[in-house]
Structures are given as structure tokens and as C-alpha cells.
Amino acid sequence: MQVRLQTQPKPLPGQSPLYSGTFDCFQKTLVKEGVRGLYKGMAAPIIGVTPMFAVCFFGFGLGKRLQQRNPDDILTYPQLFGAGMLSGVFTTTIMAPGERIKCLLQIQAASGEIKYGGPMDCAKQLYREAGIRGIYKGTVLTLLRDVPASGMYFMTYEWLKNILTPEGKSVSDLSVPRILFAGGMAGIFNWAVATPPDVLKSRFQTAGPGKYPNGFRDVLRELIREEGISSLYKGFTAVMIRAFPANAACFLGFEVALKFLNWIAPSV
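Following my numbering from start to finish, the sequence shown increments by one per residue and tops out at 268.
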């Protein structure tokens, strides 16, 4: 739904927009395409989600180690932000192709013009038409989205963990509800930063060849000129509904996995 809201064209004078909001988009998609329509284009991101999160947390850990003189050094919040930004650089190589394919499959489902038979067919056609550059179209915008957003993501999580830790207790002993809250809020802060570049990325990745010769600058100018600054937050409600539970579960899984690894291999 997020991509559909972000890429819907501006209505002509006297016409209503294709979707009036998140819940209208949800209802129309469900009626027209069924439950499967809500998951259009998700196969590519789902295939990449496990390696993406592995690389994401690896990048964050590497970013922390690069700034520590000793393993026990406590990093400042700006340093944690920097470590998070590095993780965003690492994940872009995995995220960009999946995002491109997801966006194209979702808008074709909304328009009714079927060009791609699925994720693999979409990837093959993109490669045949423009080579590897066609698959990685929008990579710069993915970087502009994920680098600062990942910095905010990890910094917010570490900040909330410290705040929620009772005095005299260790951060590693934080209860499950508090981890869930910190992870969920980190997801919300992440998308508060990520949404404007994500809107630009979705528009750019689904545009026809040559539509935006100057890249995201043309997309930004067009959106501001035609729909105003608020257009940069299209789909914000849809992504916020997903952000809290998804990221709460993500960080809980990370903390559980970390404790398990420390238990079976404490010296590693």
C-alpha cells in the first residue's frame, strides 16, 4: 500500500484521487485483488530480508568497533548514529534491486497493465532492457534513505534501552516488554527520517526511461511544484502502522539470538 500511495498520480481538476488515504487504498486493493494484492511484489524483499538484517546488524557492529579503542568503550550517541549509518551503506546493495522490483510489481497491479509475470521475470526484463543498471536504478536514493534512517534507527534503540534500564541494572537484563517498546519506537523514528527519500525513490524507480534526466532532483521539483511539501510524506500512515510491531519483533529476535550465541560460545 505504501508504494501505491506514494506513486499515485495527481488527479486532474474535478477528479478524485485514486486513493483518498491508507484505509481507502487497503479497501480498494482488497476488493479488486483479494488478500494476495496486499502482498504484491513482496517476494523479492522477503527473499532478501534475512541476509539484509544479518548485514544490517553486522554493519552496525563493525561501525561500533571502528570507533572503539577498547572493546569495553562506551560510545556516545553521535558515534552510535555514525555506526548505524554504516549499516545503511551495507544493506543498500541488497535492498536496492528488491525495492526496484517490488515497486514495479505493485504499480502494475494497481494499473491493471501486466508487464511482468513475477519477481524473476521482472528482473530478467530489467536486465535485458538496461543491464545491471536497470536492476539497480534508484540506488543513490536508497542510500539517501537508508544511511541517515539507519543511523536514527540504532541510535534511538540504544538511547531508549539506556533510558528504560532501571538504576543499578544492566542493559543486557532489559525485560521483553521494554525491548519491544524500544525496538518499536526505533522503527517509528527510522521511518520518520526515511519517508521523504522513500517517496522520491518509489517515484524514480517506477518512472519510465528518461522521465527524470537529473535524477531525484527532478522528482523532488515535480512533487513540490505539483503537490506541495506534504507529498513527501505520502504513505506515512501505512508505514507507521507496520513500523512498530515489525521492528519490535526484529530487535527482540536480535537480542534473543545474541543471548543464545553468548550462551553457546561465551568466549567468541
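Using N, Cα and C, we set each Cβ at its ideal position, and we do this for glycine too.
One alpha carbon belongs to Lys-161, the other to Leu-174, and they sit about 8 Å apart. Counting along the chain, the unbroken alpha helix (DSSP H) around Asn-247 starts and ends at 236 to 264.
Taken through DSSP and simplified to helix, strand or coil, Ile-114 comes out as coil.
Counting along the chain, the unbroken alpha helix (DSSP H) around Ile-224 starts and ends at 216 to 227. When rounded, the separation of the alpha-carbon atoms in Ser-150 and Lys-124 is 30 Å.
Rounded to whole angstroms, the separation of the alpha carbons of Ile-101 and Val-219 is 19 Å. In the DSSP annotation of this structure, the continuous segment of the alpha helix (DSSP H) that includes Ser-202 starts and ends at 176 to 206.
For Glu-129, the uninterrupted alpha helix (DSSP H) run begins and ends at 119 to 130, by DSSP. The three-state secondary structure of Leu-141, taken from DSSP, is helix. Rounded to the nearest whole angstrom, the C-alpha separation of Phe-181 and Ala-248 is 6 Å. Taking Phe-244 as the centre and dropping the five residues before and after it, the same chain places the C-beta of Gly-184, Gly-187 and Ile-188 closer than 7 Å to its C-beta, in chain order.
Taking Phe-154 as reference, the option from Ala-96, Pro-97, Gly-98 and Gly-63 with the minimal CA-CA separation is Gly-63.
The beta carbon of Phe-57 sits closer than 8 Å to those of Ser-87 and Phe-254, all from its chain and outside the five residues before and after it, given in chain order.
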